[in-house]
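Notes follow once the structure below has been shown.
In mature numbering (1 follows the signal peptide of the UniProt record, and there is no 0), the protein residues as written are -23 to -1, 1 to 348.
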């Protein structure tokens, strides 16, 4: 993605980045601004900046503006760890925010525990970050396993039982696969096939024809961004005509655009209300802020970033007047029935799971997600 530098500049300016001399609350983010997840990352960052901009424009938190320092980890777990250490030790971040990727996030948990720094709103639904509770990780979105189980249950109601699974060969893929296996078990069925692909060098030249020969009625495709786009195109080229389902980590406008003619009819699980559902005050609020910025349409990824930012800011407010790492941890664990705008979120010392909302969408001929 060639335009990531302007995006970072915009985020920095919007969050009041004129250097450490003017910023009072430093929050760090390490995320794949470039790399295979970039198309969705851009949108989630836009969603977060909508809310952070609004808060800073009104004086910040207790008169202190929030400085969001963003480092590009190129969707590489090793860089995620390096960046997290830099944000904590060099920039003195009071919290980390909205990492992306399961192995990426799991890899920094020991560092978070060592430094006593919380991570708010990781953009991953890995069950390992929910159970057992990771003391310094505060999830917002529902787990991947819950998404996959819902998708399989829905397919079964339609009489679709010949279901195959293609998953990335990493901890994210293994986690979501566990959810799929639970879903199959609940309906007394088994996967028609299970295929895995390399995360760093995805190659579907052999997988696609092999999977197609099994005549699946549907394929659950577990992976991220560009790899899933390439995989879906390979399946269609090989002649696979069944339903394709992928997870909420691909719920972005950039993903549908990258799929092009192959986007229509792809089912994408969702973990937030529809980006067009004005019945939810949080969506109406996000729409208003987006329109003021010249953004015509929200995407699910923007909604995720927006909601994550709301949780972060509420934690900082409750940790005021002088938020620090320890006070923020205490404030978040004390959050009960916080109304995000139609959705309630609660944490405790024994529960950092956040929301349980899940839904299904299908990509229409116009490239938009329909519920």
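Cβ atoms here follow ideal geometry from the backbone N, Cα and C, with glycine treated the same way. None of these values were measured; they are calculated from a predicted model.
Exercise. Enumerated in chain order, which unbroken segments of the beta strand (DSSP E) with a length of 3 residues or greater are wholly contained in the region 121 to 173?
Worked result: 140 to 145
For this session: Could you name the residues of the same chain whose beta carbon sits closer than 7 Å to that of residue 325, not counting the 5 residues immediately before and after it, in chain order?
Result: 310
Problem set entry | Proximal residues to residue 80 (C-beta, below 7 Å), its chain only, five neighbours per side dropped | 54, 147, 148, 149
For this session: Could you tell me whether the region 316 to 325 touches the region 213 to 224, where touching means 3 or more Cβ pairs closer than 8 Å?
Result: no
Exercise. Are at least three pairs of beta-carbons, each pair with one atom in the region 289 to 300 and one in the region 267 to 280, less than 8 Å apart?
Worked result: no
Exercise. Taking DSSP as the reference, what is the three-state secondary structure of residue 340?
Worked result: strand
For this session: Please report the residue range of the beta strand (DSSP E) in which residue 283 lies.
Result: Segment 277 to 295 is the alpha helix (DSSP H) holding residue 283; no beta strand (DSSP E) there.
Exercise. Counting along the chain, where does the beta strand (DSSP E) carrying residue 2 start and finish?
Worked result: 2 to 8
For this session: Could you check which residue in 170, 202, 1 has the C-alpha nearest to that of residue 15?
Result: 202
For this session: Assign residue 30 to one of three DSSP states: helix, strand, or coil.
Result: helix
Exercise. Excluding five sequence neighbours on each side, which residues of the same chain lie with their C-beta closer than 6 Å to the C-beta of residue 295?
Worked result: 308
For this session: Check the C-beta distance from residue 193 over to residue 215 and give it rounded, since I have them as a contact under 8 Å.
Result: Their Cβ separation, rounded to whole angstroms, is 12 Å, which puts residue 193 and residue 215 out of contact at 8 Å.
Exercise. Per DSSP, residue 246 is paired with what?
Worked result: 337
Exercise. Buried or exposed: residue 135, going by 16 or more other Cβ atoms within 10 Å of its Cβ?
Worked result: exposed
Problem set entry | residue 77 - DSSP class collapsed to helix/strand/coil | strand
Exercise. If residue 132 sits next to residue 114, beta carbons under 8 Å apart, how far is it from one beta carbon to the other, in whole angstroms?
Worked result: That pair is no contact at about 31 Å.
Exercise. What does DSSP give as the partner residues of residue 223 in its beta bridges?
Worked result: 198, 245
Exercise. Which residue from 93, 137, 62, 21 puts its Cα closest to that of residue 230?
Worked result: 21
For this session: Measure the alpha-carbon distance for residue -10 versus residue 283 and round it to whole angstroms.
Result: Any reading at residue -10 must be qualified, since the residue scores a pLDDT of 42, below 50, and its modelled position is unreliable; the value itself is stated next. Going by the C-alpha atoms only, they are around 14 Å apart.
Exercise. Would you report the Cα separation of residue 68 and residue 85, rounded to the nearest angstrom?
Worked result: 16 Å
Exercise. Okay, do the region 334 to 346 and the region 249 to 265 touch, 3+ Cβ pairs below 8 Å being the bar?
Worked result: yes
For this session: Could you tell me how far apart the beta carbons of residue 77 and residue 18 are, in whole angstroms, since I believe they sit closer than 8 Å?
Result: 6 Å
Problem set entry | residue 256 classed as buried or exposed, judged by whether at least 16 other C-beta atoms fall within 10 angstroms | exposed
Problem set entry | Inter-residue spacing [alpha-carbon to alpha-carbon] between residue 199 and residue 30 | 33 Å
For this session: Decide if the region 120 to 131 is in contact with the region 168 to 178; the criterion is three or more beta carbon pairs, one per stretch, under 8 Å apart.
Result: no
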